[in-house]
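In our numbering, the protein residues as written are 7 to 456. The beta-carbon is built from N, C-alpha and C at its ideal position, and this holds for glycine as well. In what follows, a structure is listed as structure tokens, so that the remarks can point back to it.
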Amino acid sequence: MESALSQSLPTDLASRSLRAVWHPCTQMQHHDEVPPLALASGQGAWLLDTDGRRYLDAVSSWWVNLLGHAHPRINDAIKQQLDTLEHAMLAGFTHQPAVELAERLSALTGHALGHAFYASDGASAIEIALKMSHHCWRNQGLPGKQRFVGFERGYHGETLGALAVTDIALFRRAYEPLLRSAQLLPSPDERLAAPHEDAAAPARRALAALDELLQRESHAISAVVVEPLVQCAGGMAMHGPEFIARLAALCEAHQVHLIADEIAVGCGRTGSFFACEQAGVWPHMLCLSKGISAGYLPLAVVLSRPAIYQAFHHPDLERGFLHSHSYSGNPLACRAALAMLDVMESERVLERNRRLAQSLTAALQPLARHPRVRHFRQRGMIWAFDAGIDDPAQRATFARRTSQLALQQGLLLRPIGTTVYLMPPYVLDDDEVGLLAERTVRVFDAAVGS
Ligand SMILES: *Cc1c(COP(=O)(O)O)cnc(C)c1O
Numbered sequence: 007m008e009s010a011l012s013q014s015l016p017t018d019l020a021s022r023s024l025r026a027v028w029h030p031c032t033q034m035q036h037h038d039e040v041p042p043l044a045l046a047s048g049q050g051a052w053l054l055d056t057d058g059r060r061y062l063d064a065v066s067s068w069w070v071n072l073l074g075h076a077h078p079r080i081n082d083a084i085k086q087q088l089d090t091l092e093h094a095m096l097a098g099f100t101h102q103p104a105v106e107l108a109e110r111l112s113a114l115t116g117h118a119l120g121h122a123f124y125a126s127d128g129a130s131a132i133e134i135a136l137k138m139s140h141h142c143w144r145n146q147g148l149p150g151k152q153r154f155v156g157f158e159r160g161y162h163g164e165t166l167g168a169l170a171v172t173d174i175a176l177f178r179r180a181y182e183p184l185l186r187s188a189q190l191l192p193s194p195d196e197r198l199a200a201p202h203e204d205a206a207a208p209a210r211r212a213l214a215a216l217d218e219l220l221q222r223e224s225h226a227i228s229a230v231v232v233e234p235l236v237q238c239a240g241g242m243a244m245h246g247p248e249f250i251a252r253l254a255a256l257c258e259a260h261q262v263h264l265i266a267d268e269i270a271v272g273c274g275r276t277g278s279f280f281a282c283e284q285a286g287v288w289p290h291m292l293c294l295s296k297g298i299s300a301g302y303l304p305l306a307v308v309l310s311r312p313a314i315y316q317a318f319h320h321p322d323l324e325r326g327f328l329h330s331h332s333y334s335g336n337p338l339a340c341r342a343a344l345a346m347l348d349v350m351e352s353e354r355v356l357e358r359n360r361r362l363a364q365s366l367t368a369a370l371q372p373l374a375r376h377p378r379v380r381h382f383r384q385r386g387m388i389w390a391f392d393a394g395i396d397d398p399a400q401r402a403t404f405a406r407r408t409s410q411l412a413l414q415q416g417l418l419l420r421p422i423g424t425t426v427y428l429m430p431p432y433v434l435d436d437d438e439v440g441l442l443a444e445r446t447v448r449v450f451d452a453a454v455g456s
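Shown next as structure tokens:
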């Protein structure tokens, strides 16, 4: 019966996937019309499907493949680690990759932050930071500080704790009754400025709301969590570094932790290694994931200030931060991260990215001037613009239509609502910059029907 059934169905990879795999962030029924694309391999900025067609990965595979696919130096580093120590528990034991990565990340903050706490994904990093914040206050005799503050349009992952500080209705609505209530303040998104206002007006409103909240209730508030410079999943909503600087000052003044979620914006994405560097401040805790292992293996890191760490350092077991995770500090993932840091430093990638960003911005000028484009914007290695579409039905299908049109042009794009963005790997050559711009223009023209 079983074998008769499977013989009667197509056996190509996409069909098998639809029978066996529950894909993330997907209404599976949409795949009845368009199946998932079956990939065979990756090389640099390109992905290859099982028919040998090539796709320029303009979103670094959900923002993780910072240095492209199959980078020789990262591949070699992982192979060497594989033959040395593939994994060991990190409670009671330690190893070179975990130590070296923690030391190097701390050095990148000028040792303002340290004691890397390891996890495997972004949402877990946020859970860890939230738990660490409250537990820290508890250890310091302030157990009433239990609430968390986030911003509208913020995204911090989709486990229940992280979802509580996330403001994406699509991801949140069904689980609302399960979530702890968090306070969401207005977004600093520059696009929210009224025509007569300057771009920083929304940031000022967010800060005024926070100031008021903290004056009233800081005794009950544990931490504020923010994506510095760009709220990515919320539609590549950008704000200036002065917002982060003033946010940090307010948190400091009111005895509230600042958690910087640099899961998407860290590792050079906004131009500096950490986005917070541009604001000249360090948060109490900083979360990294996504690009930290260059898209090779699941890894997340929470860095904290020495004072946070000290609040847990005590003879009593229960005052310790006992959060346990089986794969914490996995040597292969840490080795991939170290190789990523090596490439970033030895190839002066941040410097190279500044030139790359200039040439891609120049190549994208047809879009910046396009009559159907709203809010063309760029920060570091992130470009975004909104499609001016009035018809609600067209707006609703824009993202999916555009992704499909892009694939037909050999381009991997994944718009968020009506926001088209590029977050390419840091390895594009001049030809690829040209191709990326050309294809993006062509796809957008087709998508808006001009
Ligand atoms: C992706 C993302 C997360 C969640 O990371 P996962 O690894 O997908 O759990 C959290 N915060 C931000 C800013 C992100 O972009």
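So Leu119 packs on Arg311, CB below 8 Å; how close in whole Å?
6 Å
If you measure between the beta carbons of Ser195 and Ala254, is that distance less than 8 Å?
With the sequence shown as reference, residue 195 is identified as Asp, and Ser is not the correct amino acid for it. Not a contact, by the Cβ cut-off of 8 Å.
Can you list, in chain order, the residues of its chain whose CB lies under 6 Å from that of Leu213, leaving out five sequence neighbours each side?
Arg252
Within this structure, are the beta carbons of Phe177 and Leu185 separated by less than 8 Å?
no
Is the closest heavy atom of ligand 1 to the C-beta of Glu233 under 7 Å?
yes
Taking C-beta to C-beta, are Pro398 and Ser66 nearer than 8 Å?
no
Suppose the cutoff is 7 Å on Cβ atoms and the five residues either side in sequence are ignored; what does the same chain contact list for Gln510 look like?
This structure cannot speak to residue 510, because the chain is shown only from 7 to 456.
On the three-state DSSP scale, how would you describe Ile174?
coil
Of the choices Ala306, Gly326, Leu292, whose alpha-carbon is the least far from that of Tyr333?
Ala306
Ordered along the chain, which non-local residues of its own chain (more than five positions away) have a Cβ less than 6 Å from that of Ala374?
Phe382
As assigned by DSSP and simplified to three states, the class of Met7:
Note that Met7 scores 42 on pLDDT, short of 50, meaning its location in the model is unreliable and no value can be drawn from it.
I want to check one thing, is the minimum distance from the CB of Tyr161 to the heavy atoms of ligand 1 below 7 Å?
yes
Rounded to the nearest angstrom, how far is the Cβ of Ala231 from that of Ile265, given a contact under 8 Å?
Looking at the sequence shown, residue 231 is not Ala but Val. 4 Å between Cβ atoms; contact.
Residue from Asp435, Glu182, Phe249 with nearest C-alpha to Val355:
Asp435
Limits of the unbroken alpha helix (DSSP H) element including Gly440
436–454
Decide yes or no for the touch test of the stretch 414–422 against the stretch 52–69: beta carbon pairs closer than 8 Å, at least 3 of them.
yes
Could you check where the beta strand (DSSP E) with Thr425 kicks off and where it finishes?
425–428
Answer yes if the stretch 323–343 comes into contact with the stretch 100–115, meaning at least three C-beta pairs across the two stretches below 8 Å, and no otherwise.
yes
State buried or exposed for Asp267, treating a residue as buried only when at least 16 other CB atoms are found within 10 Å of its CB.
buried
Taking the C-alpha atoms as reference points, what is the distance between Met7 and Ala44?
Note that Met7 scores a pLDDT of 42, beneath 50, so its modelled location is shaky; the value from the coordinates is reported in the next line. Cα to Cα, the separation comes out at about 28 Å.
Less than 7 Å between the CB of Gly241 and some heavy atom of ligand 1, yes or no?
no
Which residues mark the beginning and the end of the alpha helix (DSSP H) in which Tyr315 is found?
312–316
Around the C-beta of Arg159, are 16 or more other C-beta atoms found within 10 angstroms, so that it is buried, or is it exposed?
buried
Excluding sequence positions up to five away, which residues of its chain have a Cβ less than 7 Å from the Cβ of Val449?
Thr408, Leu411, Ala412, Gln415, Leu417, Leu419
Proximity test, Cys238 beta-carbon vs ligand 1 heavy atom, cut-off 7 Å:
yes
Could you tell me which residues DSSP puts in a beta bridge with His331?
According to DSSP, His331 bridges with nothing at all.
Does at least one heavy atom of ligand 1 sit under 7 Å from the Cβ of Ile269?
yes
Short check: CB of Leu256 to CB of Pro247, under 8 Å?
no
Which residue wins for smallest C-alpha separation from Ala206, given the options Glu218, Pro192, Asn71?
Pro192
Need the endpoints of the beta strand (DSSP E) that Ser228 sits in, please.
227–232
Apart from the five residues just before and just after Ser12, which ones in its own chain have a Cβ nearer than 8 Å to its Cβ?
Per-residue confidence for Ser12 stands at a pLDDT of 44, beneath the threshold of 50, marking its modelled position as unreliable; no derived number is given.
Report the partner residues of Leu417 according to the DSSP bridge assignment.
Leu62
Where Cys273 falls, given that 16 or more other Cβ within 10 Å makes a residue buried
buried
For His75, count the other beta carbons within 10 Å of its own beta carbon; 16 or more makes it buried, fewer makes it exposed. Which is it?
buried
At a cut-off of 7 Å, would you count Lys137 as near ligand 1, judging by its Cβ distance to the nearest heavy atom?
no
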